[in-house]
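A.B. asks: My questions will all concern the structure given below.
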Amino acid sequence: MEYRRMGKTGLQLSVLSFGSWVSFHKQINDGLADELMGIAYDSGVNFFDNAEVYANGESEKMMGRVLKNKNWDRSSYVVSSKVFFGWRGKENKPNQKGLSRKHVVEACNEALQRLHVDYLDLFLCHRPDKNTPIEETVWAMHHLIQQGKILYWGTSEWSGVEIMEAHRVANQFNLIGPTMEQPQYNIFERNKIEKDFLMVFNTVGMGTTIWSPLASGLLTGKYNNGIPEGSRFGLKGFDWLKDQWMHDDILKKVQALSTFAKTLNISLAEMSIAWCIKNPNVTTAILGATSKEQLLQNLKSLDAVEKLNAEVMKQIDELSGTKPILPEY
Ligand SMILES: NC(=O)c1ccc[n+]([C@@H]2O[C@H](COP(=O)([O-])OP(=O)(O)OC[C@H]3O[C@@H](n4cnc5c(N)ncnc54)[C@H](OP(=O)(O)O)[C@@H]3O)[C@@H](O)[C@H]2O)c1
């Protein structure tokens with residue numbers, strides 16, 4: 260396993276990590292979660308990702324039970340939670356979501372209880388909150404760090420401008436600013452990492468814990484001939500994902516990428532994940548899996564990176580047609 264420093268911090272994250280969105284509680288039980296986290300940890304994965312909103316808090320509870328059962332040395336792994344959406348879904352009352360000081364502090368305390376840990380290594384603002392001044396959120400995160408309840412804080416799906424505003428506030432008041440962002444990044448979703456954030460990487464510095472490296476499974480080729488039974492796009496409540504990704508033009512590209520991966524003697528999943536971590540601005544790619552076979556295949560992407568030479572990367576750009584156009588100076 261390779262480890263990368265998270266932006267300008269001293270914290271090292273395994274370049275592949277493991278997350279629980281959709282899968283924990285909705286698709287897999289405690290036994291399989293225990294097995295998958297065990298395989299990941301034994302392969303060198305040191306970061307496990309979670310959020311208050313996943314399965315309405317049940318995902319954190321499941322991960323908490325696994326962590327308690329495993330009894331791994333607390334210093335050997337990094338665990339995250341994210342605040343913003345609340346965990347009560349439609350039942351959320353006004354202060355039970357968002358990035359106010361009240362919800363940030365309460366969400367942190369609740370995540371600690373659900374995960375059975377004394378502190379969160381990473382605590383992320385799951386989305387920007389247009390109704391809370393960024394200054395209030397920066398102060399709240401700083402206080403949580405001072406209290407020892409979190410070690411680092413960051414953002415998810417914030418714009419470069421919002422991230423820089425958080426840094427401006429932190430600088431102004433001598434507070435600890437955000438150190439990582441969690442954006443979507445995969446062959447089909449490239450703009451933030453490859454364009455919008457370049458100035459942030461080059462100035463204040465920023466780690467990235469990227470999500471959906473396989474575009475929710477699309478980049479395995481599993482949806483090329485319809486929706487396989489039990490897979491994510493077919494789950495109740497996930498029609499929006501199917502609507503986002505299952506279009507003829509996208510599926511044709513996936514097909515072409517699958518054929519190309521075969522010429523490299525690797526699966527499309529391995530090629531797609533390797534492609535993500537090939538980018539040095541990616542600190543870690545968070546994997547998702549609902550079976551042992553999936554996870555083992557995805558972990559093999561570490562060995563696939565060396566196959567992605569300049570010519571192969573160019574081919575992927577051409578087949579996908581998604582390379583962002585940067586302004587010329
Ligand atoms: N910050 C955010 O807003 C945000 C948003 C989304 C995710 N995340 C984080 O990122 C993590 C990873 O995201 P993700 O789960 O969307 O990652 P992903 O790798 O794009 O998708 C994972 C899913 O694809 C399918 N799959 C994976 N490997 C496969 C294989 N080898 N063959 C066939 N199918 C395979 C599985 O679903 P099925 O078996 O059901 O098909 C699996 O659960 C999440 O767990 C979460 O921690 C964060």
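Numbering of the sequence shown is given in the numbering used here, commencing with residue 260 and proceeding in unit increments. C-beta: ideal position from N, C-alpha, C; glycine also.
Is DSSP giving V342 helix, strand or coil here?
C.D. replies: strand
A.B. asks: Give me the Cα-Cα distance between M400 and M423, rounded to the nearest whole angstrom.
C.D. replies: 16 Å
A.B. asks: My output table needs one value for M296: the three-state DSSP class, helix, strand or coil.
C.D. replies: helix
A.B. asks: Helix, strand or coil, according to DSSP, for W412 in the structure here?
C.D. replies: strand
A.B. asks: What residue range is occupied by the uninterrupted alpha helix (DSSP H) comprising L500?
C.D. replies: D498 to W504
A.B. asks: Along the alpha helix (DSSP H) that carries D576, what are the first and last residues, could you check?
C.D. replies: A569 to S579
A.B. asks: Measure from the alpha carbon of G466 to the alpha carbon of each residue in P487, K511 and W412, then state which is nearest.
C.D. replies: W412
A.B. asks: Have a look at L510 and S517 and give me their C-alpha separation to the nearest angstrom.
C.D. replies: 10 Å
A.B. asks: On the CB-based measure, 16 or more other CB atoms within 10 Å of its CB, does L555 come out buried or exposed?
C.D. replies: exposed
A.B. asks: Using a Cβ-Cβ cutoff of less than 7 Å, which residues in the same chain neighbour M505 once the five nearest sequence positions on both sides are dropped?
C.D. replies: Y482 and F492
A.B. asks: Could you tell me which residues DSSP pairs with N445 in its beta bridges?
C.D. replies: E448
A.B. asks: For F519, which residues in the same chain have their Cβ closer than 7 Å to its Cβ, ignoring the five residues on either side in sequence?
C.D. replies: Taking F519 as the centre and dropping the five residues before and after it, the same chain places the C-beta of Q574 and L578 closer than 7 Å to its C-beta, in chain order.
A.B. asks: For the beta strand (DSSP E) holding T467, just list the boundary residues, first then last.
C.D. replies: Looking at the DSSP string, the run of the beta strand (DSSP E) that includes T467 is G466 to I469.
A.B. asks: Who are the near neighbours of F456 in its chain, counting only those whose CB is closer than 6 Å to its CB and skipping five residues on each side?
C.D. replies: G419
A.B. asks: Which one or two residues does DSSP pair with S276 in a beta bridge?
C.D. replies: I545
A.B. asks: So the alpha helix (DSSP H) L403 belongs to, where does it begin and stop?
C.D. replies: I393 to Q405
A.B. asks: Can you tell me which of the three DSSP states L291 falls into?
C.D. replies: helix
A.B. asks: Looking at ligand 1, does it come within less than 7 Å of P437, judged from the CB to the closest heavy atom?
C.D. replies: no
A.B. asks: Decide if W470 is buried, meaning its Cβ has at least 16 other Cβ atoms within 10 Å, or exposed.
C.D. replies: buried
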